[in-house]
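Enquirer:
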Amino acid sequence: MSLLVVGSVAFDALETPFGKRDRTLGGAATYFSVAASFFTHVNLVGVVGEDFTKQDESVFQGRHIDISGLEHAPGKTFFWAGRYGQDPNERVTLATELNVFANFNPKLPPHFRESQHVFLANIHPNLQFSVLDQMKGRPLLVGLDTMNYWIESAPAELRKILRRTQVLMINDAETRMLSNEHNLLRAARHIFSLGPRTLIIKRGEHGAMMVDSKGIFMVPGFPLEEVHDPTGAGDSFAGGFMGYLSGAKTMSDAVLRRAMVYGSVMGSFTVERFGLERLRKVKRREIDARARHFAKLTKFQL
Ligand code: AMP
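Sequential numbering of the sequence shown, starting at -7, is according to this note's numbering.
#1: Enumerate in chain order the residues of its own chain whose CB-to-CB distance from A200 is below 7 Å, with the five nearest sequence positions on each side excluded.
#2: DSSP three-state call for G61: helix, strand or coil?
#3: On the three-pair Cβ rule with 8 Å, is the region 228 to 248 touching the region 20 to 36?
#4: Cα-Cα, which of A21, S60, E218, E173 is closest to P9?
#5: Rounded to whole angstroms, what's the CA-CA distance from G135 to L294? Just pull it up for me.
#6: Can you tell me where the beta strand (DSSP E) holding K194 begins and where it ends?
#7: Can you determine whether any heavy atom of the ligand AMP sits closer than 7 Å to the C-beta of S122, and answer yes or no?
#8: Pick out whichever of Q78, G77, T85, N91 has its Cα sitting closest to the Cα of E43.
#9: Mapping the DSSP letters down to three states, classify L6 as helix, strand or coil.
#10: Between D204 and H64, what straight-line distance do the alpha-carbon atoms span, to the nearest angstrom?
#11: Can you give the Cα-Cα distance for P98 and I115, rounded to whole angstroms?
#12: Mind checking whether V364 and L112 have CB atoms under 8 Å apart?
#13: Would the C-beta of D79 count as close to the ligand AMP, meaning under 7 Å from any of its heavy atoms?
#14: If you reduce the DSSP assignment to three classes, tell me which class H275 lands in.
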């Protein structure tokens, strides 16, 4: 099975109580692909500028990631800067420089068009739509992320792509904004009427909640003494989740629940260090050990 992702590949400037980085590799599609590649074959679609070197590209090498859909365009790579205080769930965006991302028009290489699973990371809903339009036939599963900016500025376009989405992965504030409902269960019901049949609400260090017709499943955030940099946690979660589903081939309730755990595991590795510093060094046995730890964390008897 293969998993197609479209989204940002970026340079980030990061500031947290544990330090700072002026320019480190980031971007939603980068975190997603590295996390997902532990479980399945990833087809990456994105764009970078002339400042993106072979060394930057090496993050994708030696993994199951096909970067033939990573376009090199004249200009500079997308740049994002953010700062976090003591609360890792609260961040301030200091800069968003679209650069080559401003004229990005995703083009799928022919061999990407039959990917069975698709993840549309946080970009303009029209670009997300154009990716689905280039697919040959209907993928088995489409997952989607979005943000407050698109909910406010492109509501009609977002609704159009939501109709073709099965799994929506957003945070609690976005869930409330999209549904106009404060209560998350009522919000989920509203979101199901827009298209998705599964809603995953990402709650940062508090973990994530999955709501679908079978009920609710919650996974905690892995307890860590120090969270050095929360950037990319959501995308790594999505990568672990979608990657596991893609690798598992079937989609029973048990598989979905395990995918939630692997999502949380991948997010927890990312936040241990800045940028991709930790995620790119993780070994499969560490991932499985942490998943077993989750099973212990949540086990109880009645
Ligand atoms: P996350 O912390 O999982 O929400 O994702 C952080 C990553 O998203 C960073 O590495 C940024 O480069 C990237 N990012 C931030 N803002 C945007 C945006 N407007 N569009 C696409 N990617 C973004």
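Every residue, glycine too, gets a C-beta built ideally from N, C-alpha and C.
Expert: Quick answer:
#1: I192, I193, K194, V211, F229, M252, G255, S256
#2: strand
#3: yes
#4: E218
#5: 35 Å
#6: 190 to 194
#7: no
#8: One detail in the question is off: residue 43 reads as Asp in this sequence, not Glu. Measuring from the Cα of D43, the nearest candidate turns out to be N91.
#9: In the structure shown, L6 sits in a strand (DSSP, three-state: E or B).
#10: 39 Å
#11: 11 Å
#12: In this structure the chain extends from -7 to 294, so residue 364 is not present and cannot be described.
#13: no
#14: First, the amino acid is wrong: residue 275 is Lys here, not His. Coil.
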